[in-house]
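Per the working numbering, the sequence shown starts with residue -7, numbered consecutively.
From the three backbone atoms N, C-alpha and C, an ideal C-beta is built for every residue, glycine too.
Reading through the structure tokens given below for one structure.
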Amino acid sequence: MEIKLTRNSYYATCTCATCGEAFMRDTVVPILVDEAGIAIGEICERCFQATREELSARIRRQANHLRRSAADLDRIDAEPIRRPSAADIQAIEPAPASATSLDSYIVQLLHQATWQGQAI
Ligand SMILES: [Zn+2]
């Protein structure tokens, strides 16, 4: 593997290709490239500065995490899906004033679906 530097024209939040942590991409960003020259992805400052052994440990930890996540997705994909009934939707209390915007958005969708007679 090789770490190359690339230049970008904008800042963005990225996910590190080796450790999976979110980081703010600067205008210069390290990219991990494999021996075939294929870019694996952008890496964070901690992975960029890590020793070979530290980077390997971070890669192994993230690979194990991704394997567990893939196994979870494969398992739940085989399961039937149960959704809230119309009665469940009716029973939902309006979001309190302190609710997050996501809470408010979900409650709004549920009320809208109920009003339109749709099951979601
Ligand atoms: Zn990282």
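Which partner residues does residue i have in the DSSP bridge list?
i   : result
P22 : L(-3)
G33 : L24
Would you say the beta carbon of residue i comes nearer than 6 angstroms to a heavy atom of ligand 1?
i     : result
T(-2) : no
E13   : yes
I35   : yes
T7    : no
T10   : yes
Can you tell me where the alpha helix (DSSP H) with residue i in it begins and where it stops?
i   : result
A63 : 44 to 69
A83 : Taken as a continuous stretch (DSSP letters only), A83 belongs to no alpha helix (DSSP H), as it is neither H nor E.
Alpha carbons only, please: which of the options is nearest the one belonging to residue i?
i     : options             : result
K(-4) : I73, E34, A4        : E34
Y2    : L102, T43, V21, I73 : V21
Taking the beta strand (DSSP E) that residue i belongs to, which residues open and close that run?
i   : result
A14 : 14 to 17
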